[in-house]
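J.: Protein chains in written order, with the numbering used here: chain A, 412 to 623; chain B, 412 to 623. Note that beta-carbon positions come from the ideal geometry of N, C-alpha and C, so glycine has one too. Treat the numbers as computed from the prediction; the structure is a model and nothing was measured.
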DNA sequence: TAGATTGTTAATCGATTAACAATC
DNA sequence: TAGATTGTTAATCGATTAACAATC
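1) Are residue 509 of chain A and residue 526 of chain A touching if we call contact CB-CB under 8 Å?
2) Can you give me, in chain order, the residues of the segment 481–495 of chain B that have a beta carbon less than 8 Å from any beta carbon in chain A?
3) Any C-beta of chain A sitting closer than 8 Å to the C-beta of residue 439 of chain B?
4) With three or more beta-carbon pairs closer than 8 Å as the criterion, would you say the segment 496–503 of chain A touches the segment 550–565 of chain A?
5) Can you check which of these residues, B:579, B:480 and B:607, is closest to residue 582 of chain A by C-alpha distance?
6) From residue 505 of chain A to residue 427 of chain B, what does the alpha carbon distance come to, in whole angstroms?
7) Using a Cβ-Cβ distance cut-off of 8 Å, determine whether residue 412 of chain B contacts chain A.
8) By the criterion of Cβ-Cβ separation under 7 Å, what are the contact partners of residue 611 of chain A in chain B?
9) Alpha carbon to alpha carbon, how far is residue 454 of chain B from residue 444 of chain B?
10) Is the shortest distance between the beta-carbon of residue 428 of chain B and the beta-carbons of chain A less than 8 Å?
11) Hey, out of B:617, B:599, B:587 and B:544, whose CA is closest to residue 576 of chain B's CA?
12) Using alpha carbons as the reference points, say which of B:502, B:476, B:594 and B:613 lies closest to residue 529 of chain B.
13) Can you give me the C-alpha to C-alpha distance between residue 483 of chain B and residue 566 of chain A, rounded to a whole angstrom?
14) Between which two residues does the alpha helix (DSSP H) carrying residue 442 of chain B extend?
15) Does the CB of residue 445 of chain A have a neighbour CB from chain B at under 8 Å?
16) List in chain order: all unbroken beta strand (DSSP E) runs of 3+ residues lying wholly within the segment 533–583 of chain B.
17) Should residue 517 of chain B be flagged as near chain A, meaning a C-beta pair shorter than 8 Å?
18) Ordered along the chain, which non-local residues of its own chain (more than five positions away) have a Cβ less than 6 Å from that of residue 586 of chain B?
19) Starting from residue 603 of chain B and walking both ways along the beta strand (DSSP E), at which residues does that stretch end?
20) Is the distance from the Cβ of residue 591 of chain B to the Cβ of residue 597 of chain B below 8 Å?
21) Where do the ends of the alpha helix (DSSP H) carrying residue 589 of chain B lie?
22) May I have the straight-line CA-CA distance separating residue 533 of chain A from residue 466 of chain A, to the nearest angstrom?
23) Taking contact to mean 3 or more Cβ pairs, one atom from each stretch, closer than 8 Å, check whether the segment 415–423 of chain B and the segment 600–614 of chain B are in contact.
24) List, in chain order, every chain B residue whose beta-carbon is nearer than 7 Å to that of residue 596 of chain A.
25) Quick one: is residue 425 of chain B buried, meaning 16 or more other Cβ sit within 10 Å of its Cβ, or exposed?
26) Could you give the distance in angstroms between the alpha-carbon of residue 461 of chain A and the alpha-carbon of residue 480 of chain A?
27) Going by C-alpha to C-alpha distance, which of A:540, A:616 and A:415 sits closest to residue 459 of chain A?
28) Are the beta-carbon atoms of residue 360 of chain A and residue 569 of chain A separated by less than 8 Å?
29) Return the residues of the segment 527–541 of chain A that lie within a Cβ-Cβ distance of less than 9 Å from chain B, sorted by chain order.
30) For residue 574 of chain B, go through chain A and note every residue whose CB falls closer than 9 Å to its CB, in chain order.
31) By Cβ distance, which residues of its chain are closer than 8 Å to residue 434 of chain A, with the 5 residues on each side in sequence left out?
32) In whole angstroms, what is the alpha-carbon distance linking residue 507 of chain B and residue 452 of chain A?
33) Pick from B:523, B:593, B:589 and B:429: whose alpha carbon is nearest that of residue 547 of chain B?
34) Quick one: Cα of residue 550 of chain B to Cα of residue 613 of chain A, how far?
35) Does the beta carbon of residue 499 of chain A come closer than 8 Å to any beta carbon on chain B?
Okay, here's the thing in structure tokens:
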């Protein structure tokens, strides 16, 4: 158990989104083949993915229960028990993150937002605290997740501060490579990396079109 | 050639960032082992990655030329010939994307920003056009990349509009699964997917700490 | 020369896909 | 029953790592 593959894990949120859509439309059962078609996967992959997170098997001829899948995926992804997080950096990106209402659906609650600029007071219902309060806040509420949305030159400092205060997982939106100790989790939301992939795929498509 | 692995491609921007840092510090040569240490990779992986994008080999004992690597990676990633893009949706996220000055370094130039709301006029030096102008704009300037930063309910419509006008690559920031034809490239900047990975890693760390 | 570092070939690991028997 | 759909085992594919000879 728990040894679900990284790839499967990353596909789950998309499945869930689609299944919820089906649920809304009143669809009760769905075949792996139908889902595969939407995402351009093979039906075997979809079945394997489902098998790795759900106890209930699909039924030959009828497929999988949409309700059951929605329940199981949400449960597996931990959307039912909310994780609390702090966010540091309330510039343009920080504003966007604070205004995004979807995080709670994903089991994430930004309970504290911080900035060095004390002029900012309130953003989308979130009170903005002075950065000097960050450490005590993390400790007092035992926060484990830290979101970094500061300019890249201060990102490492904020990172160190967070980890020093007890943060165990960092979601980094700054375009920089943070240095962290071994027992800390990190995800870099790296625009450059995504863009590299998109550019490559675009090139391939243009090349293909040319050769036709 | 050109068959560089997806994984390698996604590591390149981080290498580049680090190498530029070294360059700034005046470092002339660097060993694969030193770079591996920074990213927690193996040195073989670093060498393989470099080999797949650079003509110039590393030298035993001295390592790789930092200047040469910076040049080659930037060249490979296409940072020297700028791609033009349009962005649709100038809400909080759109604001953040427009204010991000780093895109040009990554070879991306947002030459047009659009919104249905005609009240918005100018954001960080970008004039905001009415959505009705999108199609003709894409056609006139032969834009190939479209960035979607609208609420999820209108994302598919915008996507269809873009593709209809000639867009070949979509960078989707809306939390939804877009349906696209085969010959179109897409990258979903899926927060839920990243968060799933971060949560899993956090869980693993907490479990490990508990068992000690 | 000796030792650090390289590039490449072969082995391993992990994820996807093909094949097929089981079943509603 | 026949056919659609399932789960599982084995084969394939792709990426990483180990082993090692080459070289500055």
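T.: Quick answer:
1) No, Cβ-Cβ distance for residue 509 of chain A and residue 526 of chain A is not below 8 Å.
2) In summary, the residues of the segment 481–495 of chain B whose CB is separated from some CB of chain A by less than 8 Å are 488, 489 and 494, in the order they occur in the chain.
3) No, residue 439 of chain B does not count as interfacial toward chain A.
4) In short, these stretches touch, since the Cβ pair count reaches three.
5) Ranking B:579, B:480 and B:607 by Cα distance to residue 582 of chain A puts B:607 first.
6) If I take the Cα positions, the gap works out to 25 Å.
7) Since pLDDT at residue 412 of chain B reaches only 38, below the 50 mark, its modelled position is unreliable, and the value read off the structure follows with that caveat. Residue-level contact check: residue 412 of chain B does not touch chain A, since none of the beta carbons of chain A fall below 8 Å from its beta carbon.
8) Per Cβ cutoff of 7 Å: 420.
9) Answer to the nearest angstrom: the Cα atoms are 5 Å apart.
10) Chain A places a beta carbon closer than 8 Å to that of residue 428 of chain B, counting this residue as a contact.
11) When only C-alpha atoms are compared, the closest one is B:544.
12) Among B:502, B:476, B:594 and B:613, the Cα nearest to that of residue 529 of chain B belongs to B:502.
13) Distance between the alpha carbons of residue 483 of chain B and residue 566 of chain A is about 27 Å.
14) Here residue 442 of chain B belongs to no alpha helix (DSSP H), and DSSP marks it neither H nor E.
15) Residue 445 of chain A does not count as touching chain B.
16) Runs found: 537–541, 556–559 and 580–583.
17) Answer yes: the Cβ-Cβ gap between residue 517 of chain B and chain A drops below 8 Å somewhere.
18) Same-chain partners within the cutoff: 563.
19) From DSSP, residue 603 of chain B is part of no beta strand (DSSP E) but of the alpha helix (DSSP H) over 602–621.
20) It is a contact, given that the beta carbons lie within the stated cut-off.
21) Where residue 589 of chain B is concerned, there is no enclosing alpha helix (DSSP H), given that its DSSP letter is neither H nor E.
22) Taking the straight line from one Cα to the other gives about 44 Å.
23) The segment 415–423 of chain B and the segment 600–614 of chain B do not touch, with fewer than 3 CB-CB distances between them shorter than 8 Å.
24) Around residue 596 of chain A, the beta-carbon contacts reaching into chain B at under 7 Å are 609, 612, 613 and 616.
25) With 16 or more Cβ atoms within 10 Å of its Cβ, residue 425 of chain B is classed as buried.
26) CA-to-CA, the gap between residue 461 of chain A and residue 480 of chain A works out to about 8 Å.
27) Scanning A:540, A:616 and A:415 for the CA closest to the CA of residue 459 of chain A turns up A:415.
28) One cannot answer for residue 360 of chain A here, as it falls past the ends of chain A, which runs 412 to 623.
29) Of all residues in the segment 527–541 of chain A, 535 have a Cβ within less than 9 Å of some Cβ in chain B.
30) What residue 574 of chain B touches in chain A: nothing, since even the nearest Cβ is about 12 Å away.
31) Same-chain partners within the cutoff: 477, 478 and 481.
32) Answer to the nearest angstrom: the Cα atoms are 33 Å apart.
33) Per the Cα distances, B:523.
34) In this model, residue 550 of chain B and residue 613 of chain A are separated by some 17 Å (Cα to Cα).
35) So no, residue 499 of chain A is outside the interface.
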